[in-house]
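Notes to accompany the following structure.
Residue numbers (this note's numbering), protein chains in the order written: chain A, 2 to 148; chain B, 12 to 179.
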């Protein structure tokens, strides 16, 4: 990553112009040109520096629901259980963490009543208990990483 | 606001991301049979309503050098958690901050603050700052470091395509 890549990643974590030629606008701000900005973005996506470019939707505001779940998975079953849990399309993120509760995943659904159903299906398929930790209040949410 | 049928079609058309071309809104609109201007108006409305949190990039934090990701969890006195949660959430290095239910006896923690750092030492320094801010109101805490991302999608809702990517 060079200086322009970094400035581009930082700039694009904020507001994206809702204009006809948004990349031309971004390019002007960064002292570059539209073609270069588009090519750089495509490359950063291809290389996996960026996992996504586009609108980030909020499931809850769309009438859906999100919850965080934790599981204590025996080490010798970890890969098997990870494949089962990650295989659910309702599981948006899944992380292995350093703790007795070693699997942490987010369930996101378009219908709130699906949450307990998905949890029950995960418990049935894995024969493990799921700890459901829905958010009760959000104090802040905006991840900005300096590139 | 509730998204109408066209909004839903727009959401479905952009769940994989926005096209990387000179006129991305027009390109999306062309697929739906609406103008680029209408796409922009609808996006603006959904942004205002919070249906879209933002339009932009999602960096892979590992690739940016943020290799340590610690979920700090705290047992904070109920009467103080909302006041202190807002203060913790306002710290520049805290990316997500939530109040969640305790699940006793398994889980005594009710405040979650996600901290990213280039290494564990940096995360520990930031966690110490949170501990100072919480003071006596925090009866205990732990930091759960991520070992591995097992799955990560950009969307926070269930859609047929599980994986999201940049569409070039």
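The C-beta atom is built at its ideal place from N, Cα and C for all residues, glycine as well.
- DSSP, reduced to helix, strand and coil, places residue 97 (chain B) within a helical segment of the structure shown.
- The C-alpha of residue 116 (chain A) lies about 8 Å from the C-alpha of residue 68 (chain A).
- For residue 105 (chain B), the beta-bridge partners assigned by DSSP are B:126.
- Within the region 7 to 37 of chain A, the complete alpha helix (DSSP H) segments of 4 residues or longer fall at 23 to 31, listed in chain order.
- Taking a Cβ-Cβ threshold of 7 Å, the residues of chain A close to residue 161 (chain B) are 83, 87, 95, 96, 97, in chain order.
- Annotation for residue 57 (chain B): no beta strand (DSSP E) segment contains it, though the alpha helix (DSSP H) segment containing it runs 47 to 60.
- Listed in chain order, the non-local C-beta contacts of residue 125 (chain B) below 6 Å within the same chain comprise 82, 106, 107, local neighbours out to five positions each way being set aside.
- Membership of residue 88 (chain B) in any alpha helix (DSSP H) is not indicated, and neither H nor E is assigned to it by DSSP.
- Taking 8 Å as the CB threshold, residue 133 (chain B) stays off the interface with chain A.
- Between the alpha carbons of residue 77 (chain A) and residue 156 (chain B) lies a gap of roughly 20 Å.
- When C-beta atoms of the region 122 to 133 of chain A are compared with those of the region 54 to 64 of chain A, fewer than three pairs fall below 8 Å, so the two segments do not count as touching.
- Here the region 4 to 22 of chain A makes contact with the region 44 to 58 of chain B; the two share three or more CB pairs at distances below 8 Å.
- Per DSSP, residue 35 (chain B) is one residue of the alpha helix (DSSP H) stretching across 35 to 43.
- Between residue 28 (chain A) and chain B, the shortest Cβ-Cβ separation is not below 8 Å.
- Scanning chain B for C-beta atoms nearer than 7 Å to the C-beta of residue 4 (chain A) yields nothing, as the closest lies near 14 Å away.
- Interface flag for residue 92 (chain A) against chain B is set, since a Cβ pair is found closer than 8 Å.
- Contact annotation: the region 74 to 89 of chain A does not touch the region 28 to 38 of chain A, with fewer than three C-beta pairs closer than 8 Å.
- Under the Cβ criterion (8 Å, minimum of three pairs), the region 138 to 149 of chain B counts as touching the region 79 to 98 of chain B.
- A direct Cα-Cα distance of roughly 17 Å separates residue 52 (chain A) from residue 127 (chain B).
- Put simply, the backbone Cα of residue 20 (chain B) is about 19 Å away from that of residue 31 (chain B).
- The secondary-structure analysis by DSSP pairs residue 68 (chain A) across a beta bridge with A:108.
- In this structure residue 47 (chain A) is exposed. Its beta-carbon is surrounded by fewer than 16 other beta-carbon atoms within 10 angstroms.
- Cβ neighbours of residue 6 (chain A) within its own chain (closer than 8 Å, five residues either side excluded): 41, 45, 50, 148.
- Here residue 61 (chain B) is exposed, its C-beta having fewer than 16 other C-beta atoms within 10 Å.
- No Cβ-Cβ contact shorter than 8 Å links residue 103 (chain A) with residue 112 (chain A).
- Around residue 8 (chain A), the same chain offers 31 as residues with beta carbons nearer than 7 Å, after the five sequence neighbours per side are excluded.
- Residues of chain B with a Cβ closer than 8 Å to the Cβ of residue 39 (chain A) are, in chain order, 31, 32, 33.
- DSSP, reduced to helix, strand and coil, places residue 153 (chain B) within a strand of the structure shown.
- Contact annotation: in the region 103 to 115 of chain B, residues whose CB is within less than 8 Å of a CB in chain A are 105, 106, 107, 108, 109, 110, 111, 112, 114.
- Around the beta carbon of residue 91 (chain A), 16 or more other beta carbons sit within 10 angstroms, so the residue counts as buried.
- Residue 129 (chain A) sits in coil when the DSSP states are folded into three classes, being neither helix nor strand.
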